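As given, the protein sequences belong to chains A and B, one line each in that order. By the working numbering, the letter at position 198 of the first sequence is numbered 1502, and the numbering carries on one by one without gaps. By the working numbering, the letter at position 46 of the second sequence is numbered 239, and the numbering carries on one by one without gaps. Note that the Cβ used here is the ideal one computed from N, Cα and C, for glycine as well. Bear in mind that the values here come from a model prediction, so they are computed numbers and not experimental data. Worksheet: one structure, shown below.
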Amino acid sequence: MLTSFIHRFSSPKSFVEVTALFFPYVMFLGVSCLVLGWVWGLAFAPEDATQGNSYRIIFLHVPASMLAQLIYFFMSICALMHLVWRVKLAAYLIKSAAPVGVMITFIALFSGSIWGIPTWGTWWQWDARITSTLILFIMYLGIITLHSSFSNAEKADRLMSILVVVGVVNIPIIKKSVDWWSTLHQPASISISEGTSIDPSMLYPLTISIFGMTLTMIALGILVSKLYILTREKNKKWVQAHV
Amino acid sequence: MFNFSFTDFQDFLTMDGHGIYVWTVYLVTSILIAVSFLIVRYKLNVLKRKLENASE
Chain A
1305 MLTSFIHRFS SPKSFVEVTA LFFPYVMFLG VSCLVLGWVW GLAFAPEDAT
1355 QGNSYRIIFL HVPASMLAQL IYFFMSICAL MHLVWRVKLA AYLIKSAAPV
1405 GVMITFIALF SGSIWGIPTW GTWWQWDARI TSTLILFIMY LGIITLHSSF
1455 SNAEKADRLM SILVVVGVVN IPIIKKSVDW WSTLHQPASI SISEGTSIDP
1505 SMLYPLTISI FGMTLTMIAL GILVSKLYIL TREKNKKWVQ AHV
Chain B
194 MFNFSFTDFQ DFLTMDGHGI YVWTVYLVTS ILIAVSFLIV RYKLNVLKRK
244 LENASE
């Protein structure tokens, strides 16, 4: 029953049609929240007692870092769906999410490095959190390169899915790196189990920024996946009808 | 909660010497995100045109 449900609602055609309906709303809400969260964080949130104004990078760095891991986790679920149930759309989504993952992981590393200059006195440190995030960035690039290196697309999908599943081991390492090792990077400020250590005046804009960045990346993901699906299925009748 | 945290606009830009770091990060990220959307949109339009021409 689950298999038939997955196959029925996971055709590339339905995906392109359904996401086209949601896209404008996701895009509008995402960009609006991102602008609101950033303006609130940059201009109206109070100055941090220890880090001064440099802490305002948090409203960009935390959403980017969370999404870098979340996108990979999403890709690993898609990879399992592709390997177990042979869902074609799942492979398409991995291939489409990987460039978005590269960009957001780069933003996380870049913003962290810049933040490190006034806070730690250095832009780079071979610290557990930073190094494991760099490995995530290389994983994303590796996934894209692996898929592009095969002329047989189905074989490329399968191997890419296997690599994604193997690489998911890095996600809990990134998450727990600040607890397992003594690192320069501060521990998580927001935790589902332990609550938050951030004052509401900073937490509200941060939450809105996380929500906005997530929706904006979903919107970008929808566009990238549409481009990839149309390219991959360009010889199918439904694509001709769609354009 | 919605009080402007700086004395004036100049103070907002400089952020006590941290402005260069903060603004660089926000500017580069905004450009990256905007350019990504524009590139994908452009590629989609090119692809659609190609498919339309092929079907004619």
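Relative to the C-alpha of A/G1405, which candidate in A/E1537, A/K1541, A/A1545 and A/T1518 has its C-alpha closest?
When only C-alpha atoms are compared, the closest one is A/T1518.
So, with DSSP's three-state summary, where would you put A/D1461?
DSSP places A/D1461 within a helical segment (H, G or I) once states are collapsed to three.
Do you know whose CA, among A/A1394, A/L1346 and A/L1387, lies nearest A/S1529's CA?
The residue with the shortest Cα to Cα distance from A/S1529 is A/A1394.
Taking 7 Å as the cut-off, is the CB of A/K1480 close to at least one heavy atom of the ligand MN?
Ligands displayed in this structure: none; no statement on the ligand MN is therefore possible.
Under 7 Å Cβ to Cβ from A/L1525, same chain only, skipping five residues before and after it: list those, please.
The residue you asked about is not Leu; residue 1525 of chain A is Gly in the sequence shown. These residues qualify, in order along the chain: S1400, A1401 and V1404.
My output table needs one value for A/I1477: the three-state DSSP class, helix, strand or coil.
Correct three-state label for A/I1477: helix.
Below 8 Å on C-beta distance, what does A/W1342 contact in chain B?
Here the neighbours are Y219.
Just to confirm, is the Cβ distance from A/T1437 to A/Q1355 under 8 Å?
No, the Cβ-Cβ distance between A/T1437 and A/Q1355 is not below 8 Å.
From the DSSP output, which residues share a beta bridge with B/I226?
According to DSSP, B/I226 bridges with nothing at all.
Cα-Cα separation, B/T217 to A/V1343:
Distance from the CA of B/T217 to the CA of A/V1343, rounded to the nearest whole angstrom, comes to 15 Å.
Beta-carbon within less than 6 Å of A/M1331's beta-carbon, same chain only, minus the 5 sequence neighbours each way: which residues are those?
Taken in chain order, the residues that qualify are A1523.
Compare the C-beta of A/P1316 against all C-beta atoms of chain B and say whether one is closer than 8 Å.
By this cut-off, A/P1316 is not an interface position.
First and last residue of the uninterrupted alpha helix (DSSP H) at A/A1523
Its alpha helix (DSSP H) spans residues P1504 to R1536.
CB contact below 8 Å: A/W1427 versus chain B
Not one chain B Cβ lies under 8 Å of A/W1427.
Put A/G1471 into one of helix, strand or coil per three-state DSSP.
In the three-state DSSP reduction, A/G1471 falls in the helix class (H, G or I).
What's the C-alpha gap between A/M1521 and A/I1514?
Separation of A/M1521 and A/I1514 (C-alpha to C-alpha, rounded to the nearest whole angstrom) is 11 Å.
Of the residues A/Y1444, A/I1512 and A/I1421, the one placed nearest B/G210, counting alpha carbons only
Considering only alpha carbons, the answer is A/I1421.
A/V1543 and A/L1534 - do their beta-carbons sit closer together than 8 Å?
Between A/L1534 and A/V1543, the C-beta gap is smaller than 8 Å, which places the two residues in contact.
So A/M1443 is in the alpha helix (DSSP H); what residue range does that whole segment cover?
Residues A1432 to S1452.
Status (buried if at least 16 other CB within 10 Å, exposed otherwise) for A/S1452
Label assigned to A/S1452: exposed.
With a 10 Å radius around its C-beta and 16 neighbouring C-beta atoms as the bar for buried, classify A/L1413 as buried or exposed.
With 16 or more Cβ atoms within 10 Å of its Cβ, A/L1413 is classed as buried.
Name, please, each residue of chain A whose Cβ falls closer than 7 Å to the Cβ of B/I226.
What B/I226 touches in chain A: T1520.
Could you have a look at B/D201 and say whether DSSP puts it in helix, strand or coil?
Taken through DSSP and simplified to helix, strand or coil, B/D201 comes out as coil.
Beta-carbon spacing of A/V1391, A/H1546 below 8 Å:
When the beta-carbon positions are compared, A/V1391 and A/H1546 stay at least 8 Å from each other.
Considering only the beta carbon of each residue, do A/A1383 and A/V1468 sit closer than 8 Å?
Against a cut-off of 8 Å, the Cβ pair of A/V1468 and A/A1383 comes out as a contact.
Looking at the unbroken alpha helix (DSSP H) that takes in A/A1347, where does it start and where does it end?
No residue range can be given for A/A1347, since it is assigned to no alpha helix (DSSP H) and is classified by DSSP as neither H nor E.
Residue burial classification, A/W1419 (beta-carbon count within 10 angstroms, cutoff 16)
Looking at its Cβ environment, which holds 16 or more other Cβ atoms inside 10 Å, A/W1419 is buried.
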